[in-house]
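J.:
2 protein chains.
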Amino acid sequence: MRRTGSKPTIYDIARLSGASPSTVSAALNGSWKDRRIREETAQRIRDVAAAEGYSINMQARGLRKARSGLVGMILPAHDNRFFSSLSQHFTTEAWRRGLCPVIVSTRREPQEEVRSLESLLSYAIDSVFIAGATDPEALSRICHQVGLAHVFIDLPSMQSPSVVSDNAAGAAMLARKIIETMPAVDDPRRAKPYLLGGDPRLYASSRRIAAFREAVTEMRGHCDDDQVIACGYVPARAAEEMERLIDRIGGLPAGLFINSIPAFEGALSHLVLLPPAAFAQSVIGCYDYDPFGAFLQFPVYMVWQDSHALVQRAFALLDQGAKTPVLEMIPPVLVPPRTILPGTLSEQG
Amino acid sequence: MRRTGSKPTIYDIARLSGASPSTVSAALNGSWKDRRIREETAQRIRDVAAAEGYSINMQARGLRKARSGLVGMILPAHDNRFFSSLSQHFTTEAWRRGLCPVIVSTRREPQEEVRSLESLLSYAIDSVFIAGATDPEALSRICHQVGLAHVFIDLPSMQSPSVVSDNAAGAAMLARKIIETMPAVDDPRRAKPYLLGGDPRLYASSRRIAAFREAVTEMRGHCDDDQVIACGYVPARAAEEMERLIDRIGGLPAGLFINSIPAFEGALSHLVLLPPAAFAQSVIGCYDYDPFGAFLQFPVYMVWQDSHALVQRAFALLDQGAKTPVLEMIPPVLVPPRTILPGTLSEQG
DNA sequence: TTGAAAGCGCTAACAA
DNA sequence: TTGTTAGCGCTTTCAA
Chain A
1491 MRRTGSKPTI YDIARLSGAS PSTVSAALNG SWKDRRIREE TAQRIRDVAA
1541 AEGYSINMQA RGLRKARSGL VGMILPAHDN RFFSSLSQHF TTEAWRRGLC
1591 PVIVSTRREP QEEVRSLESL LSYAIDSVFI AGATDPEALS RICHQVGLAH
1641 VFIDLPSMQS PSVVSDNAAG AAMLARKIIE TMPAVDDPRR AKPYLLGGDP
1691 RLYASSRRIA AFREAVTEMR GHCDDDQVIA CGYVPARAAE EMERLIDRIG
1741 GLPAGLFINS IPAFEGALSH LVLLPPAAFA QSVIGCYDYD PFGAFLQFPV
1791 YMVWQDSHAL VQRAFALLDQ GAKTPVLEMI PPVLVPPRTI LPGTLSEQG
Chain B
1491 MRRTGSKPTI YDIARLSGAS PSTVSAALNG SWKDRRIREE TAQRIRDVAA
1541 AEGYSINMQA RGLRKARSGL VGMILPAHDN RFFSSLSQHF TTEAWRRGLC
1591 PVIVSTRREP QEEVRSLESL LSYAIDSVFI AGATDPEALS RICHQVGLAH
1641 VFIDLPSMQS PSVVSDNAAG AAMLARKIIE TMPAVDDPRR AKPYLLGGDP
1691 RLYASSRRIA AFREAVTEMR GHCDDDQVIA CGYVPARAAE EMERLIDRIG
1741 GLPAGLFINS IPAFEGALSH LVLLPPAAFA QSVIGCYDYD PFGAFLQFPV
1791 YMVWQDSHAL VQRAFALLDQ GAKTPVLEMI PPVLVPPRTI LPGTLSEQG
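For the record, the sequence lines run as chains A and B.
Each residue of the first sequence is one higher than the one before, counting from 1491 in our numbering.
Each residue of the second sequence is one higher than the one before, counting from 1491 in our numbering.
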C-alpha cells in the first residue's frame, strides 16, 4: 500500500490498474498513441489515476528528459509599471504554453544578474528571458556556454536574439511633440527643452538621449550639453536634479523630457511644490506611460511601450529556435495628455 | 571525458578530483563537516568544482530529498500596484532564503486558482503563499490533503494561517477622514458619502464596506443602501457606475470612498471629464496607494497597505511551522493628499 | 576518513 | 500490445 500523505506515483497506479509502470507512464503523458497501447487500457489507467488523485512529478520527468519545463525571466525590478507588465505577460504566456515561469529580480546589479542566471541554471530552466540587463554580454556568454536558449528584452545583446521597443523612434516622437508645443519664453536658459533621467551607459537610455539630441538639433539648430541630465533611475536622484535645474535656470524649462517613470516619480516630488502657474510656461513629457501619471495637475505627454508585444515576439523568437543575434523593434505609442489607454491596468483588478 | 556542452555532474568532479561521488556530494553541499571529511579533501574538491564550473542540479537533489526548494505564490493579477508589490517582496525574500519563487496569476477565477495550485504541486513546491484568493477554502482543503505548508495573504482562509491587512481599521480611518472633511452641500442626494468599487463577496471588500457603513452610521446617524456601490474590480464597470451616480445625484457627492486602485482608475476616466470646479464641493479617498494617484488635479486621501510586512509575516508564519488557523492583521496607513511615500516605487528603478 | 550502492519517479530502449 | 530494465544526478545509509 501507498504511504499515506504522500502523492501516488506511477507505480501505485500500475499496481492498482494491473498495468506496468511504463504503460502507465505512456498512458498518462500522451505517448500511448505511438506506443500502441490500447485505447481501453489507456482509459482504464487514466481512470485509476484520476481516482487516486495522481499528478505527475515534474522533477522526476525533468531529470529523466533533461528538460524541466521551467522558463526563467531576469528582471531589474518588479514594482515598476513597465517591468511588472512584462512579468505579467510573461507568466501568463508561459503557463499558457504549459511552462512554469520563474522570475528573478536583480536590482540592476551586474553581479546579481550573473548570480541569478546561475541560480536559474541550477533549477535546469529550459530557456530564459533577460529583460533590462545592465551587462547583457556577460549573460549572453554564459547562455551560449551552457547551450541555454535565451532572448533579451528591452536591453539587447549584440550576441543574442533580442527584442526591444524602438527607443529612438519613441524618443524622437516625444521630443518633437515637446518642442513643437513648447511656449516661447523670454529667459534663454528656460527657452530650451531639457531631458532628465536615464543612464547613458544603458542601451535604451542612450538611444533615447541620442534621439532627443537629434530632434533638438534639427528643430532648434543646436543642443547644449547642459540640456541632458542623465542622472539615472533612482527617484531620489531625479528629485535632486529637478530641484537643481529649476534653481539654475530660474524656473521650469519650456520643455521637459523625463526619461522613465521612476525618474518622473522623483521629479514629481519636487514639481508638486511649485505653484500651478509655473506649469503654464512649460510642456512636460515622460518616456513611459502610467494611467495616473496621465492625470496630474499639469498635462503630460507619455510614451507607451507595448510590453505585451515584446513578450510575444520574444516567445516567437524562442519558438523558431533563433540563436543568431537578431534585433527586433517594437514601435511605442505617443499618448496625448489626459488619456487612459484601455486595458493597461489589469481588466480583472 | 565529459560530454561537451552539458553541465558537469558530481561524477565528473569525482573523477577529476580522485574522490568518490558521495564524498564530492558531501564536500559540495556542506554536509562534509559531520561526514568527517578532511578539510583539505573538501577544499580540493571545491577547487575542482569551481574550475569546472559545477553547479548543483536542483531537480536531482529535489527528487532525492523530496524537497524541491521551490516556493509558490498564487496571485489574482500581476499588473496591479498592490499585487505586484507583494510579488516583488515575495521573490526578493524567497531568493534571500535560498528558495526559488514561482508565481502564478489566476485572474480571480476559482477554477484557475485550483488548477494553478495543482500545477505548482506537480513542480513539487515545498510551500505556497496564496494571495487574494476568491475561494480560499477550496485551496486550503487541497493544501491540507497533500500536507503542503501554506499561508494566505490579503484574503484569509478560516482553516489556515493567514495574514491580512487590517481592512476594517483602514476603511474606518479613511471613511472618518472623508466625512470630517466633507463640505456642506445643499442637495441632500449629494450631501452624503458614497462608496464605489469592490466585491462584497470577498473578505477584504466586505470588511471595508462594513467599516464604511459603521463610520457613516456613527457620524451621520444612518447609512442608506444607495450609498454603497460595490461594483467589483473591473475599471470599466467602475467608470459606468461613476457616471451613473453623477447622473443620479446631479454631480459629485460631497464624499467619495473608492475601494481599490482599479476601481479608481475606472472612476478617473469619468472624473476627468468634469470641470475643475466640480471638485471644490467634494472630498475623495481611495483605499490603496499610488504615487501618481496622489497628485491628480484634485486632492485624494489614500490608504497604503504594507505589502512588505504582509510578506514578512507570512514567511515568519511558515518558519514557525504554523498549521492552525491564525489570523494576523497588519495595520494600513492613511496618506494625506499630495504625499509621496518613500521607496514605494523601486528605489532602483 | 572515505567508498559502494540503492533509490527518489519518471522515460525510453529493448524484449517479449 | 505490453513489460523489463537502465539510468537521469543526487543523497544517504551501510560498510570498509
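Don't be surprised by glycine CBs; every beta carbon is placed ideally from N, CA and C.
#1: Please give me, in chain order, every unbroken run of the alpha helix (DSSP H) with length at least 4 that falls completely inside the segment 1557-1587 of chain B.
#2: On a CA-only basis, which of Glu1704/A, Leu1629/A, Arg1738/A is nearest alanine 1659/A? Give me that one, please.
#3: Given that glutamate 1608/B touches chain A, what residues does it touch there, using C-beta distances under 8 Å?
#4: Going along chain B in order, which residues have a C-beta closer than 8 Å to the C-beta of arginine 1698/A?
#5: Given this structure, state the Cα-to-Cα distance separating alanine 1628/A from threonine 1582/B, to the nearest angstrom.
#6: Give the range of the alpha helix (DSSP H) segment to which proline 1826/A is assigned.
#7: To the nearest angstrom, report how far apart valine 1594/A and leucine 1565/A are at their CA atoms.
#8: Is isoleucine 1615/B near serine 1612/A, with beta carbons less than 8 Å apart?
#9: Do three or more CB pairs link the segment 1731-1739 of chain B to the segment 1753-1764 of chain B at distances below 8 Å?
#10: Comparing the C-beta of glutamate 1755/B with each C-beta of chain A, is any distance below 8 Å?
#11: Can you tell me where the alpha helix (DSSP H) holding methionine 1663/A begins and where it ends?
#12: Using a cut-off of 7 Å between C-beta atoms, extract the partners of aspartate 1780/B located in chain A.
#13: When the Cα of valine 1514/A is compared with those of Ala1539/A, Gly1740/A, Arg1691/A, Ile1669/A, which residue comes out closest?
#14: Determine the DSSP secondary structure at glycine 1745/B, reduced to helix, strand or coil.
#15: Within 8 Å, do at least three Cβ pairs link the segment 1659-1673 of chain A to the segment 1693-1703 of chain A?
#16: Given a threshold of 16 other Cβ atoms within 10 Å of its Cβ, counted over all protein chains shown, does asparagine 1570/B qualify as buried or as exposed?
#17: Quick check on this structure: which residue in Gln1549/B, Gln1578/B, Arg1597/B, Ala1665/B has the alpha carbon closest to the alpha carbon of valine 1724/B?
#18: If I follow the unbroken beta strand (DSSP E) through alanine 1509/A, where does it start and stop?
#19: Establish whether the CB of proline 1822/A and some CB of chain B are separated by less than 8 Å.
#20: Take the Cβ of methionine 1648/A as the centre, count every other Cβ of all protein chains shown within 10 Å, and call the residue buried at 16 or more, exposed below.
#21: Where does glutamate 1818/B fall in DSSP's three states?
#22: Report, in whole angstroms, the separation of the C-beta atoms of glycine 1622/B and phenylalanine 1573/B, which I expect to be a contact under 8 Å.
#23: Taking DSSP as the reference, what is the three-state secondary structure of serine 1696/B?
#24: Measure the C-alpha to C-alpha separation of tryptophan 1585/B and aspartate 1809/B and round it to an integer number of angstroms.
#25: Could you work out which residues of chain B lie near proline 1591/A, taking near to mean beta carbons separated by less than 9 Å?
#26: Taking 8 Å as the threshold (C-beta atoms), are tyrosine 1791/A and proline 1826/A in contact?
#27: Taking CB distances under 8 Å as the criterion, tell me whether alanine 1665/B reaches chain A.
#28: Could you work out which residue in Ile1748/A, Gly1740/A, His1712/A is closest to alanine 1720/A when comparing CA atoms only?
#29: Which residues in chain A have a C-beta closer than 8 Å to the C-beta of threonine 1581/B? List them in chain order.
#30: Determine whether the Cβ of leucine 1764/B lies closer than 8 Å to any Cβ atom of chain A.
#31: Reducing DSSP to helix, strand and coil, say where glycine 1839/A ends up.
#32: Would you identify the three-state DSSP class for cysteine 1776/A, choosing helix, strand or coil?
#33: Is proline 1591/A closer than 8 Å to valine 1561/A when the C-beta atoms are compared?
#34: Touch check for the segment 1526-1542 of chain B and the segment 1705-1718 of chain B: three-plus C-beta pairs under 8 Å?
#35: List the residues that DSSP assigns as beta-bridge partners of proline 1591/B.
#36: Checking 8 Å against the spacing of the C-beta atoms, do leucine 1800/A and alanine 1768/A come in under that value?
T.: Here's the rundown:
#1: 1571-1586
#2: Glu1704/A
#3: Ser1545
#4: Near arginine 1698/A there are no residues of chain B at all, since even the closest Cβ is about 14 Å away, more than 8 Å.
#5: 22 Å
#6: No alpha helix (DSSP H) contains proline 1826/A, which DSSP labels as neither H nor E.
#7: 6 Å
#8: no
#9: yes
#10: yes
#11: 1657-1671
#12: Phe1782
#13: Ala1539/A
#14: strand
#15: yes
#16: buried
#17: Arg1597/B
#18: Alanine 1509/A -> no beta strand (DSSP E), and no H or E assigned at all.
#19: no
#20: exposed
#21: strand
#22: 7 Å
#23: helix
#24: 15 Å
#25: Val1592, Ile1593, Val1594
#26: yes
#27: no
#28: Ile1748/A
#29: His1568, Ile1593, Val1594, Ser1595
#30: no
#31: Here the model assigns glycine 1839/A a pLDDT of 33, short of 50, so the residue's position is not dependable and the matter cannot be decided.
#32: strand
#33: yes
#34: no
#35: Val1561/B
#36: no
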